[in-house]
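Q:
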Amino acid sequence: MKAANRLHSVRRRLDEAARAHGRDPSEVRLVAVSKEKPAEAIREAYAAGQRDFGENYVQEMLRKREALAELADLRFHLIGHLQRNKAKLAITTAVVVHSVDSTRLARELGRRAAETPIVPERAFPIRGKTDHRLVVLVEVNIAAESQKSGCPAGELGDVLDAVDAEPSLQLAGLMTVPPYTDDPRDSLPHFQALAELRERHGGAHRLPELSMGMSHDFEHAIAAGATIVRIGQLIFGPRG
Ligand SMILES: *Cc1c(COP(=O)(O)O)cnc(C)c1O
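Going from the sequence shown to the working numbering is simple: count from 1 and add 147.
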């Protein structure tokens with residue numbers, strides 16, 4: 148099956164999952180995760196209407212941006228761990244960063260984003276509106292796994308405040324990657340825990356977006372309130 152067909156079938160499943168849980172399908176946005184896949188795969192999905200793409204590595208994202216320079220309204224989301232010394236480079240290209248996990252990274256991104264306003268054609272709408280600020284999600288290490296990125300739940304308040312304090316950043320919500328297991332139902336309590344953390348830190352008014360759910364578990368994420376799902380293999384085929 149071609150990427151365009153896979154994309155349509157994923158979109159159908161997202162819509163069905165949303166309706167099954169009494170939600171409006173337009174509340175669930177799809178980021179197509181194109182890591183390890185060639186620029187041509189992105190071009191094919193773009194031709195089928197997809198605009199949001201997720202990448203884990205800064206250099207790989209920059210290479211693809213260059214190869215696809217003529218697709219002016221294509222949006223790259225950085226979903227992988229970001230080192231502070233790559234923040235400046237990352238936001239020449241990414242318009243959404245899903246992986247802010249420390250006050251120091253928030254400050255560095257704020258400083259750099261002030262020098263790099265988002266151009267309107269590439270801006271990712273939050274609450275139906277766009278502006279020149281970099282859209283930021285705070286990543287939470289929801290199951291407190293030892294080698295995983297994301298801030299501990301106990302530090303979330305401080306990281307959120309650090310993002311809020313930067314005029315060039317738009318705090319949009321929370322992101323998580325639960326522990327991998329063979330049974331996708333195991334992800335559900337972790338997704339629910341992220342939704343509860345949101346309630347404790349200002350609710351949907353302050354944090355409208357919940358970025359959670361991947362190829363194997365996105366239906367459970369939608370059940371728990373995901374507004375952004377990040378799906379790679381179901382659209383682009385298996386990796387490596
Ligand atoms: C790779 C990745 C995804 C997509 O995973 P799939 O299994 O390909 O759907 C989503 N989020 C993050 C943070 C990832 O690293």
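Ideal placement from N, C-alpha and C gives every residue a C-beta, glycine not left out.
1) Any chance the CB of GLY227 is under 7 Å from a heavy atom of ligand 1?
2) What's the call for THR240, buried or exposed, on a 16-neighbour Cβ count within 10 Å?
3) Use the C-beta contact count for VAL175: other C-beta atoms within 10 angstroms, 16 or more gives buried, fewer gives exposed.
4) Can you tell me whether HIS367 is buried or exposed, with buried defined as 16 or more other CB within 10 angstroms of its CB?
5) With distances taken between CB atoms, is the gap from VAL324 to VAL283 smaller than 8 Å?
6) Determine the DSSP secondary structure at SER315, reduced to helix, strand or coil.
7) Mind checking whether the beta-carbon of VAL324 lies closer than 7 Å to any heavy atom of ligand 1?
8) Put GLU292 into one of helix, strand or coil per three-state DSSP.
9) Consult DSSP for ASP333 and reduce its assignment to one of helix, strand or coil.
10) Measure from the alpha carbon of GLN317 to the alpha carbon of each residue in GLU346, ASP308, LEU281, GLY384, then state which is nearest.
11) By how many angstroms is the C-alpha of ARG212 removed from the C-alpha of LEU335?
12) Check whether the Cβ of GLY362 lies closer than 7 Å to any heavy atom of ligand 1, and answer yes or no.
A: In short, the structure shows the following:
1) Locating residue 227 in the sequence shown gives position 80, counting from the first residue. Answer for GLY227: yes, Cβ within range of ligand 1.
2) Taking the first residue of the sequence shown as 1, we reach residue 240 at position 93. Buried is the call here.
3) As a first step, residue 175 is located in the sequence shown; it is residue number 28 there, counting from the start. Flag for VAL175 reads buried.
4) Here the question's residue 367 lines up with position 220 in the sequence shown. With 16 or more Cβ atoms within 10 Å of its Cβ, HIS367 is classed as buried.
5) For the purposes of this step, residue 324 is identified with residue 177 of the sequence shown, where counting begins at 1. For the purposes of this step, residue 283 is identified with residue 136 of the sequence shown, where counting begins at 1. No, the Cβ-Cβ distance between VAL324 and VAL283 is not below 8 Å.
6) As a first step, residue 315 is located in the sequence shown; it is residue number 168 there, counting from the start. Three-state result, SER315: coil.
7) Taking the first residue of the sequence shown as 1, we reach residue 324 at position 177. Yes.
8) Position 145 of the sequence shown, counted from the start, is the residue given in the question as residue 292. Three-state result, GLU292: coil.
9) Here residue 333 refers to the residue found at position 186 of the sequence shown. Residue state, collapsed to three classes: helix.
10) In the sequence shown, counting from the first residue as 1, residue 317 sits at position 170. Nearest of GLU346, ASP308, LEU281, GLY384 to GLN317, Cα basis: LEU281.
11) One-based indexing of the sequence shown puts residue 335 at position 188. One-based indexing of the sequence shown puts residue 212 at position 65. Distance between the alpha carbons of LEU335 and ARG212 is about 34 Å.
12) Sequence index remark: in the sequence shown, residue 362 carries index 215 (1-based). With the sequence shown as reference, residue 362 is identified as Ser, and Gly is not the correct amino acid for it. Yes, the Cβ of SER362 comes within 7 Å of a heavy atom of ligand 1.
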